[in-house]
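Protein chains in written order, with full-length UniProt numbering: chain A, 1 to 425; chain B, 1 to 425.
Written as C-alpha cells, this is what we have:
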C-alpha cells in the first residue's frame with residue numbers, strides 16, 4: 001500500500017480524506033461478497049481487482065501515460081470506447097457509486113441531484129479518487145439535466161468534451177449520432193496526436209465486441225434454472241467491465257464462463273432449488289453500490305438479470321464488424337449505440353419491450369424497478385414500466401433509493417415482503 | 001357566466017372541480033392587482049382578459065374551430081408560433097401556474113417533478129382548464145427531463161408532436177433546429193390541411209415580430225428612473241401574451257405604451273423615488289403565479305425586469321423578415337430562436353451575459369434568482385449566476401419555491417431582509 005500512497009500523492013489527491021474511504025471498503029466488500037457460499041473459483045480475479053481498486057488499475061493507466069498515452073474518462077454507455085482505443089488511448093468509466101463522494105458534489109450541485117452525479121462531481125473536486133485524477137480528458141453527454149449542467153462545473157477543472165445525444169430515435173437522429181461520433185474522433189485524434197484509421201477502428205470494434213460477447217455469455221449462463229453464479233458477483237463483474245483492461249477482462253470473464261459451463265453441466269447452483277428469480281430494472285449501480293443486490297440475495301431471492309446500464313444495456317447488440325471505411329464505421333457504431341433504450345429518450349417504448357423479453361429469457365418471477373433518488377427520467381418512466389408489468393402479470397416492486405444506508409432497514413422490509421409474496425404465489 | 005358553464009361542459013370539463021378554481025381566482029387577482037395604486041388606465045384590457053380568463057379567449061378559440069380552424073397548444077418559448085399562424089391555425093400557451101392543478105399531475109408524475117410540469121399535466125388529465133381541452137394538438141419539446149417524459153404520458157390522451165431541441169449551440173445545432181422547424185411545418189400542414197407558403201410564413205413572422213416589438217417597447221419603458229408601471233402589471237401582460245390574439249394583444253400593448261410614454265414625459269412613477277429596482281432571473285412564472293412579484297412589490301421594492309421565459313426570453317431578438325423562401329425562413333427562425341439562452345443548453349454562458357447586460361440596461365439594484373423546485377437545470381445554473389453576480393458586485397438572492405403558499409411567510413422575511421440590505425447600501 002505504501003507505493004500506492006506515493007502514487008496518490010503524485011496525483012494530487014487528498015490522501016488523508018481518501019484514507020477514510022480505503023478504511024471502509026474492504027469491510028463492505030467482505031460483508032457482501034466473501035461471505036457468499038459456493039462462489040466460483042474464478043471470482044478470485046475480480047476480488048483481487050476490487051481489493052486494490054485504487055491501486056492496480058490506476059498504476060497501469062499511469063504507466064500508459066508515462067509512455068505518452070492518454071486516458072479518457074466516460075460517464076455513460078452511449079460514449080463509444082471504440083474511438084478511444086482506436087487512437088491507442090484508454091477509456092475508463094468514471095461513475096461514482098459511494099455516498100463518500102456525495103457531500104463533495106453537494107458543495108456545487110443542488111441537493112436535489114441524483115447521487116450518481118453528485119458522487120462523480122465530488123470524487124473529482126474533492127480529489128479522492130485516482131481515476132478522476134488520472135483521466136486526461138472527460139467525455140460528457142447530454143443524457144439528462146443533471147449531467148448536462150454538471151459538465152459545465154467539471155469543465156472548469158479538467159478538459160471536457162460533450163457529445164450531444166439526440167433525444168429521439170428517428171432515422172435522422174441516428175445519423176446525427178454518427179456525426180457526433182465523427183466529431184468525437186476528431187477530438188480524440190487531436191488530443192492524442194494519433195490518427196484513427198479504418199483499420200485501427202476495425203480492431204477496436206472487434207476488441208469491444210469481444211468484451212460484449214463475454215458479458216453476454218456470462219449473462220446467458222444466468223438463464224439456467226440451476227444458477228451458477230450470484231447476482232452480487234455478476235454485478236461486480238459488470239462494474240469492473242467499465243474500467244478494466246478490455247483484453248484481460250474478456251479473457252478472465254471467458255475463463256469464469258468456462259467454470260460456469262462446467263457448473264451447469266454438473267447441475268451446481270449457488271441457491272437452493274425454488275429460489276425466486278428477480279430482475280432489476282432502472283438506474284445504474286456504479287461501483288461500489290452493492291446495496292440492493294446484497295439485500296435481495298440475503299433475503300432469500302436471487303438476482304438473475306439487470307436491465308440497467310450496469311447490465312444488459314452495456315453489452316446487448318454488437319457493432320457490425322464488416323465495415324471498412326470510417327464513414328460506414330461511424331454509422332455502424334451509431335446504429336448499435338442507438339439501440340440502447342435509455343429513459344433519456346422520448347418516447348422510449350423499446351425499453352418496455354426489452355424488460356418483457358428479458359423477463360421471459362431469464363425466467364423471472366418478479367421485477368424490482370429501482371430509481372436513484374432525483375432521477376426524474378427513470379422515475380417518470382417507472383409509471384409505464386409498472387403499468388406494463390402489471391398488464392403482463394409480472395409482479396413488480398418500485399423502489400427509490402440513494403447511496404446512504406439510512407433506508408436499508410426499510411428496503412429490507414419491503415423487499416422481504418415482496419419475495420415472501422412471490423414465494424407464496 | 002352561465003354561457004361559459006355550458007361551454008365548459010361541452011368541452012368535457014370537470015365543471016364542479018373547475019368551480020373551485022373559479023371561486024378563488026378573482027380574490028387572488030384583486031389582492032395582487034386591483035389593490036395597486038396609480039395603475040395605468042390601459043390595464044383595464046388585461047384586467048378584463050383575466051377576469052374571464054377561462055371564458056373570453058376559449059370562446060374565441062372554439063369559434064375558430066367551428067369555422068374549421070385548428071388550435072395548437074405549446075409549452076415553451078422555443079416552439080415557433082409563426083408556423084402555426086402561417087397555417088391559419090392558432091397557437092396558445094398551455095403552461096399551468098396554479099397549485100390547483102398540481103395534485104392531478106402527481107397522480108402520474110413523481111412528486112419530485114417541477115410544479116410547472118405537474119400543473120400542466122394535471123390541468124389536462126383532471127379536465128379543469130378549457131385551454132387544455134380546446135387545443136387539438138399539443139406541441140412538446142426536449143428541453144428538460146421532466147417535460148420529455150411528461151409528453152409520453154400526455155400523448156396517450158391527446159395528439160402530441162415533439163420537437164427535438166438540440167442541447168448545444170454549435171452551427172450544426174442551429175441547422176438541426178431549422179430542420180425540426182421544417183418537420184413541424186409538415187406536421188402542422190397535414191393536421192390543418194392548410195399549406196404554409198413562403199408568403200403566409202412571411203406574414204406570420206411579421207405578426208409575431210410585431211408582438212415582440214410591443215413587448216420590447218413596454219420593457220424599455222421600465223428602464224426609466226420614474227417607473228411608469230409595476231412589475232406585477234408587466235408580469236400579467238407577459239403571461240397574457242402567451243394566449244391572447246396576437247394582433248389585438250399587440251394593439252392593446254402599444255396603446256398601453258402610449259399612455260406610459262405620457263407618464264414618462266410627465267415624470268409619473270408608480271413607486272416613490274429611491275425605491276430599489278429588482279430583476280428576477282430564472283424559471284418561468286406561468287399564469288396565475290404572481291407570488292413573488294406580489295411579495296417583492298409589497299415589501300418596498302419594484303421589479304423592473306424578468307430574465308425569464310415569461311419575460312425577456314420571450315421577446316428579445318426578432319426574426320429576419322427579409323427572407324422569401326421557406327428554406328431561408330426556417331433558418332431565419334432557427335437563428336432567432338436559438339438565441340434564447342435557456343438553462344437546458346450545455347453550456348449556456350450567454351445567459352450570464354444577458355443577465356449582466358439587463359442589469360445595466362434596467363439600472364438594477366439587486367437580483368433575485370428564482371428556481372421552481374425540482375428544476376435541476378436552473379438550480380444548477382444558479383451556481384454560475386450567483387458567482388457571476390458576486391464578481392460583478394451585484395447583490396443577489398437565490399430562492400427556491402413552488403406553487404404552494406406554505407413558504408410565503410418565509411419568502412417575505414428573506415426578501416424583506418434583502419431589500420432592506422439594498423436600502424442600506
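Yeah, the Cβ is synthetic: ideal placement off N, Cα and C, and Gly gets one too. Note that this is a predicted model, so its numbers are computed, not measured.
Quiz item: If the cut is a Cβ gap below 9 Å, which residues of chain A does residue 153 of chain B touch?
Solution: 380, 383, 384
Quiz item: What are the residues of the segment 53–82 of chain B that lie near chain A, defined by any Cβ-Cβ distance shorter than 9 Å?
Solution: none
Quiz item: Taking 7 Å as the CB-CB limit, is residue 112 of chain B close to chain A?
Solution: yes
Quiz item: Can you round the beta-carbon distance between residue 330 of chain A and residue 182 of chain A to whole angstroms, since I take them to be within the 8 Å contact cut?
Solution: 5 Å
Quiz item: Since residue 326 of chain A contacts residue 201 of chain A with CB under 8 Å, what's their CB separation in whole angstroms?
Solution: 7 Å
Quiz prompt | Under 8 Å from the C-beta of residue 176 of chain B: neighbouring residues of chain A | solution = 176
Quiz prompt | Between the CA atoms of residue 282 of chain A and residue 171 of chain A - distance to the nearest angstrom | solution = 26 Å
Quiz item: Which whole runs of the alpha helix (DSSP H) in the segment 76–157 of chain A are 4 residues long or more, in chain order?
Solution: 81–86, 102–106, 115–125, 130–134, 145–154
Practice problem: May I ask you to verify whether the segment 228–241 of chain A touches the segment 353–363 of chain A, counting CB pairs closer than 8 Å and requiring at least 3? | Solution: no
Quiz prompt | Residue-level contact to chain B via CB, residue 108 of chain A, 7 Å cutoff | solution = yes
Quiz prompt | Minimum Cβ-Cβ distance from residue 142 of chain A to chain D less than 7 Å | solution = Absent from the structure: chain D. Protein chains present are A and B.
Self-check item: Residue-chain proximity (residue 168 of chain A, chain B), Cβ-Cβ < 7 Å
Solution: yes
Quiz item: With a cut-off of 7 Å, does the C-beta of residue 104 of chain A fall near any C-beta of chain B?
Solution: no
Quiz item: Whose C-alpha, out of A/265, A/225, A/32, is nearest the C-alpha of residue 47 of chain A?
Solution: A/32
Quiz item: What's the gap between the Cα of residue 227 of chain B and the Cα of residue 212 of chain B?
Solution: 21 Å
Quiz item: In whole angstroms, what is the alpha-carbon distance linking residue 177 of chain B and residue 164 of chain A?
Solution: 13 Å
Exercise. Run the CB neighbour count on residue 248 of chain B, radius 10 Å, all protein chains shown included, and call it buried at 16 or more, exposed below.
Key: exposed
Self-check item: Cross-chain neighbours of residue 121 of chain B in chain A, by beta carbon under 9 Å
Solution: Per Cβ cutoff of 9 Å: no residues; residue 121 of chain B is ~10 Å from chain A at best.
Quiz prompt | Residue nearest to residue 297 of chain B in terms of C-alpha spacing, selected from B/23, B/155, B/214, B/229 | solution = B/229
Quiz item: Taking residue 409 of chain A as the reference, which of A/4, A/422, A/295 has the closest Cα?
Solution: A/295
Quiz prompt | Inter-residue spacing [alpha-carbon to alpha-carbon] between residue 9 of chain B and residue 59 of chain B | solution = 13 Å
Self-check item: Beta-carbon spacing of residue 102 of chain A, residue 118 of chain A below 7 Å
Solution: yes
Quiz item: Any idea which residues DSSP pairs residue 305 of chain B with across the strands?
Solution: B/279
Quiz item: Hey, which unbroken runs of the beta strand (DSSP E) at 3 residues or more fall wholly within the segment 315–393 of chain B?
Solution: 366–372
Exercise. Taking only beta carbons into account, state which residues of the segment 363–378 of chain A come closer than 7 Å to chain B, listed in chain order.
Key: 374, 376, 377
Quiz prompt | Proximity test, Cβ basis, 7 Å: residue 118 of chain B and chain A | solution = no
Practice problem: Report the neighbours of residue 149 of chain B on chain A: residues whose CB is nearer than 8 Å to its CB, in chain order. | Solution: 343, 346, 376, 377, 380, 381
Exercise. Please determine, among A/317, A/350, A/215, the residue with the shortest C-alpha to C-alpha distance to residue 334 of chain A.
Key: A/317
Practice problem: Buried or exposed for residue 26 of chain A, please, with buried defined as at least 16 other CB atoms from any protein chain shown within 10 angstroms of its CB. | Solution: exposed
Quiz item: Quick one: is residue 292 of chain A buried, meaning 16 or more other Cβ sit within 10 Å of its Cβ, or exposed?
Solution: buried
Quiz item: By the 10 Å Cβ neighbour count, where 16 or more other Cβ atoms means buried, how is residue 270 of chain A classified, buried or exposed?
Solution: buried
Exercise. For residue 396 of chain B, decide whether its Cβ has a neighbour in chain A, counting only Cβ atoms nearer than 7 Å.
Key: no
Quiz item: For residue 64 of chain A, which of helix, strand or coil comes out of DSSP?
Solution: helix
Quiz prompt | Where residue 444 of chain B sits in the DSSP three-state scheme | solution = With chain B running from 1 to 425 in the structure shown, residue 444 of chain B is simply not present.
Quiz item: Given residue 1 of chain A, which residues of its chain have a CB within under 6 Å of its CB, disregarding the five upstream and five downstream residues?
Solution: Low confidence applies to residue 1 of chain A: its pLDDT is 48, below 50, so where it sits in the model is not reliable, and the reading given next is rough at best. Closer than 6 Å at Cβ, skipping near neighbours: no residue.
Quiz item: At what residues does the alpha helix (DSSP H) containing residue 231 of chain B begin and finish?
Solution: 231–241
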